[in-house]
Amino acid sequence: TRRCVVAVDGPSGSGKSTVSRRLATALDARYLDTGAMYRAVTWAVLRSGVDPQDAEAVTKVAGETDLKIGVDPEAPSVTADGIAIDRDIRGPEVTAAVSAVSAVPAVREQLVALQREIIEAAGRIVVEGRDIGSVVAPDADLKVYLTASAEARAHRRSAENATDISATAADLARRDRLDSTRTADPLRQAPDAVELDTTALGVAEVVARLQELLAGRRPGQ
Ligand code: C5P
């Protein structure tokens with residue numbers, strides 16, 4: 007099987023995870039959720055009682071945590087120091103603190119290095135995040151930037167998490183602001199990324215569109 011790296015970036019709730027997992031399955035590729043890695047470090051920071059705003063202490067925790075991430079699109083998994091934290095990293099405490107932790111340059115350096123190792127080892131992989139096309143895998147075969155209206159994004163997230171829609175909308179807006187205004191590798195559309203507005207599209211339609219793009223870019227595959 008041929009090497010193929012697909013970078014999927016975009017703001018929170020734009021449909022990255024569902025689309026990336028389905029695309030990975032369709033391509034018989036691996037799937038890497040880089041957001042889960044930032045969430046896992048945040049989980050470790052909160053567990054150790056460190057202030058998420060304390061960049062030095064956060065960096066130390068990141069360096070001392072043994073992070074393992076499973077790349078099966080049907081069953082992605084995350085462990086920190088051997089503890090399965092797949093559910094905990096989606097909770098409100100981690101979600102509230104993750105943007106502060108992911109803004110620390112030394113944390114990003116460490117996780118980006120790990121992400122590149124995972125991509126290299128996998129060969130065929132769909133990678134989702136905020137800086138995949140711009141920083142982590144600038145030579146990806148296909149770069150996609152998914153967007154959706156603020157309403158659609160809040161609606162999807164609150165349906166997923168069974169949370170109140172206005173609180174969800176406020177949380178998404180807050181994280182997007184923090185993620186796009188930080189100095190280190192902010193959320194940014196790579197110049198060569200294809201932008202796709204998913205507001206009015208179903209998951210299957212988005213996946214089909216990405217497969218078309220991939221076929222167009224890699225003749226003979
Ligand atoms: O994708 P998800 O919403 O799980 O990401 C959680 C947080 O992790 C984002 O809000 C962002 O702060 C951070 N993140 C990042 N770079 C990535 C992926 C996620 O900074 N590549």
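The sequence shown begins at 7 in UniProt numbering and counts up one residue at a time.
Note that CB positions come from ideal geometry on N, CA and C, so glycine has one too.
Distance from the CA of GLU126 to the CA of THR205, rounded to the nearest whole angstrom, comes to 33 Å.
Its chain contains ALA109 as the residues whose beta carbon lies nearer than 6 Å to that of ARG188, once the 5 sequence neighbours on both sides are disregarded; these appear in chain order. In the three-state scheme derived from DSSP, where H, G and I count as helix and E and B as strand, ASP39 is classed as strand.
When the five nearest sequence neighbours on each side are left out, the beta carbons in the same chain lying within less than 7 Å of the beta carbon of ASP92 are those of SER83, VAL84, in order along the chain. Annotated three-state conformation of SER83 is strand, per DSSP. Sixteen is the threshold: since fewer than 16 other Cβ atoms of the shown chains lie within 10 Å of the Cβ of GLU99, the residue is exposed. For ILE75, the enclosing beta strand (DSSP E) has its first and last residue at 73-76. When the alpha-carbon of PRO197 is set against those of ASP145, SER164, LEU207, the nearest one is in ASP145.
Under a 10 Å Cβ-count criterion, GLY69 is classified as exposed, with fewer than 16 other Cβ atoms of the shown protein chains found around its own Cβ.
Take the alpha-carbon of ASP203 and the one of ALA154: they are about 5 Å apart. Of the candidates ALA214, ALA165, TYR151, LEU220, the residue whose Cα lies closest to the Cα of SER20 is TYR151. Between the region 21-41 and the region 133-142, the count of C-beta pairs closer than 8 Å reaches three or more; the two stretches touch.
Boundaries cannot be given for ARG194, as no alpha helix (DSSP H) includes it and DSSP labels it neither H nor E. Inter-segment contact for the region 170-190 and the region 48-58 is absent: fewer than three beta-carbon pairs are separated by less than 8 Å.
Bridge partners of VAL47 according to DSSP: none are assigned.
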